Amino acid sequence: MSVPTLFLLGASHQTAPLELREKLALAGDKLAALHGELQSLAGLSEFAVLNTCNRVEIYGVAAQAEAVARLQAALCALNQMDATVFEQIRIELHDRPAIQHLLEVAAGIDSQMVGETEILGQVKDAYAAAQTRGTTGPVLNRVFQKTFQAAKHVRTHTAIGEGQISVASVAVDLAVKIFGDLRRCRVLVLGAGEIGEKTARAFKSRAVGEMAVTSRRLQRAEDLARAFATRAIPFERVAEALPDFDIAVCSTAAPQAVVTRAMAASAMRRRAVRPLFLIDLAMPRNIDPGVADLPNVFLYNLDDLAKIAEENLALRQAETERVRALLAEKAEALWRQVEPRIGGNHTEG
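Under our numbering, think of the first position of the sequence shown as 3, with each following residue one higher.
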């Protein structure tokens, strides 16, 4: 007899190395393609997809376990990943543990940088997108809405967010450690989205000597440049401009490398002995990993920054177990509320 279930299926930095997270990333048209497939998947009545730099997680309500297996097959096929590989990195949780996981994700205690705040906005965006597509229902609506309340409660009543940390702030701190005084440095920010904006703000707060912004959409780059009283350069001029910068930070949504090894090698021929510091905050990665082999080129990616951030974890780590216990109570209460709704919510879609 099939049993309806609330589930989570996916993978994250906790289970998968960067190379496999990159393969799973729903960049470009992949996210829309997955939504299209899941909307016609038999036995799946509700779902929402959380797709970030460090995780791809699908939360849903299924009529039976076979529907979750079909979802896994669809995800693997879309990403051309062998099912046996996915099963080695898979997170699959059901019912109350799935709720507990979502609560911990939204509260920032499952993040690479424990206590970071960006993830709550990303969870809200994922839920809003699912609502717009009409793929949520009474169970997920209740779960996500209560999740947002719990995350707010945690931020208000614990110290998990004190001394807020983000990939942008860690990237700039690293630049300070390497270059010392940033007033003599020139920085290129590739990407004008939320991370690009936070990166630009962080560098500006450290009085960087010169900064330029670029984006695949020039208007967005110009808007961001105006906000920080700097200049925008056309995206197609990145290769030409790169030798002029000491630091380049990439956070575009491009599905392939925007800084190639050949591009970096060409830049270094023009930079003589001056080092080039590259930070890749994107997923899929924006910078060809091969550039790290070039003399005087220093490349850092998301996993590298997470290791550096661990040095600053003491206060958050002390709060993590307290937050986890608090969220466990909320997960149990929420599970009691939604469990009766799941049994009557398993029509095939």
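No residue lacks a Cβ here, since even glycine has one placed at the ideal position from N, Cα and C.
Computed from a prediction, not measured in an experiment: that's the story for all the values here.
DSSP-derived helix/strand/coil call for residue i
i	result
Val-260	coil
Thr-7	strand
Ala-209	coil
Cys-252	strand
Arg-273	helix
Phe-247	coil
Asp-112	coil
Gly-12	strand
Arg-287	coil
Glu-53	A small correction: the amino acid at residue 53 is Asn; Glu does not occupy that position in the sequence shown. Correct three-state label for Asn-53: strand.
Thr-322	helix
Thr-86	helix
Glu-331	helix
Ile-93	strand
Residue i burial status per 10 Å Cβ neighbour count (16 or more: buried)
i	result
Glu-331	exposed
Asp-290	buried
Asn-298	exposed
Asp-84	exposed
Asp-31	exposed
Lys-200	buried
His-159	exposed
Pro-342	exposed
Alpha carbon of residue i to alpha carbon of residue j, nearest angstrom
i	j	result
Ala-108	Gln-124	9 Å
Met-3	Gly-345	With a pLDDT of 38 at Met-3, under the threshold of 50, the modelled position of this residue cannot be trusted, and the question is left open.
Ala-64	Val-70	7 Å
Arg-185	Glu-212	8 Å
Val-116	Asn-56	13 Å
Phe-88	Gln-82	10 Å
Ala-35	Leu-73	13 Å
Gly-198	Asp-97	37 Å
Val-172	Lys-148	31 Å
Ala-128	Glu-196	15 Å
C-beta contact flag for residue i and residue j at 8 Å
i	j	result
Thr-54	Ile-121	yes
*Is the stretch 197 to 217 touching the stretch 266 to 273, taking contact as three or more C-beta pairs under 8 Å?*
no
*Are there three or more Cβ pairs, one per stretch, closer than 8 Å when the stretch 17 to 36 is compared with the stretch 285 to 298?*
yes
*Counting Cβ pairs closer than 8 Å, one from the stretch 243 to 253 and one from the stretch 174 to 190, do we hit at least three?*
yes
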